[in-house]
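Have a look at the structure below, then the notes.
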Amino acid sequence: MSAAAIRVLNPLRSGLCAAAPRVVVPSQALRTAYISRPAFRESRRTFSQSSLWQAKKYTEQHEWIELAEDGKTVTIGITEYAANALGDVVFAELPAVDTDVASGETIGAVESVKSASDVLSPVTGKVVEANTKLEDSPKIINESAEDQAGLPRLRLRMLPSWMV
Numbered sequence: 009m010s011a012a013a014i015r016v017l018n019p020l021r022s023g024l025c026a027a028a029p030r031v032v033v034p035s036q037a038l039r040t041a042y043i044s045r046p047a048f049r050e051s052r053r054t055f056s057q058s059s060l061w062q063a064k065k066y067t068e069q070h071e072w073i074e075l076a077e078d079g080k081t082v083t084i085g086i087t088e089y090a091a092n093a094l095g096d097v098v099f100a101e102l103p104a105v106d107t108d109v110a111s112g113e114t115i116g117a118v119e120s121v122k123s124a125s126d127v128l129s130p131v132t133g134k135v136v137e138a139n140t141k142l143e144d145s146p147k148i149i150n151e152s153a154e155d156q157a158g159l160p161r162l163r164l165r166m167l168p169s170w171m172v
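First residue of the sequence shown: 9, per our numbering; consecutive thereafter.
Dropping the structure here:
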């Protein structure tokens, strides 16, 4: 062992493992190594630039919501799990543009060969766009439920705390 290594005994351990050496690096050495890496400091991103901020959020009703880069608009859709559980989607009902929607209200429906399911809004806002491609070809929901199959786009009244 080197001179910088210190043998540490853990009183909570018993038997042969109690005397197992652990290497402890002095904190000054770590501090110096961290400060001397300017490339690391330049490559760090702040929280607002983080990809976590732009990640999709999921509800217990198997819906997803994605915040746009403007921070005021969200897209809502159903998860791949929900699409697979529904089976082959044959019809998608979308909300009308300029409709006010409250959190927990129905904003559309998805019908399949097996069953039908309402889509609930997890946020309060106003519908600014509906994905009209889904009316012509609802099978897009089965093909890419979380990529191209966002149902409506809403302008938020207020950003909920759980989205941050």
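Virtual Cβ for every residue (Gly too), placed ideally from N, Cα, C. Just so you know, these numbers come straight off a predicted model, no measurement behind them.
| Check | Outcome |
| --- | --- |
| From the DSSP output, read off the bridge partner residues of A124. | E119 |
| Straight-line CA distance for R161 to G79? | 13 Å |
| Do the region 102-112 and the region 127-137 meet, that is, are 3 or more Cβ pairs less than 8 Å apart? | yes |
| Could you check if A157 is buried or exposed, using at least 16 other CB atoms within 10 Å of its CB as the buried criterion? | buried |
| Helix, strand or coil for R15? Go by DSSP, reduced to three states. | Residue placement at R15 is flagged as unreliable, the pLDDT there being 46, under the threshold of 50; the coordinate-derived value follows with that caveat. It is coil, neither helix nor strand. |
| Please classify I14: is it buried, with 16 or more other beta-carbons within 10 angstroms of its beta-carbon, or exposed? | With a pLDDT of 44 at I14, under the threshold of 50, the modelled position of this residue cannot be trusted; read the value that follows with caution. Answer is exposed; the Cβ neighbour count stays below 16. |
| Buried or exposed, going by whether 16 or more other CB atoms sit within 10 Å of the CB of W170? | exposed |
| Hey, which unbroken runs of the alpha helix (DSSP H) at 4 residues or more fall wholly within the region 75-117? | 88-94 |
| In the region 130-161, which residue ranges form an unbroken alpha helix (DSSP H) of at least 4 residues, counting only runs that do not cross its ends? | 141-144 and 148-151 |
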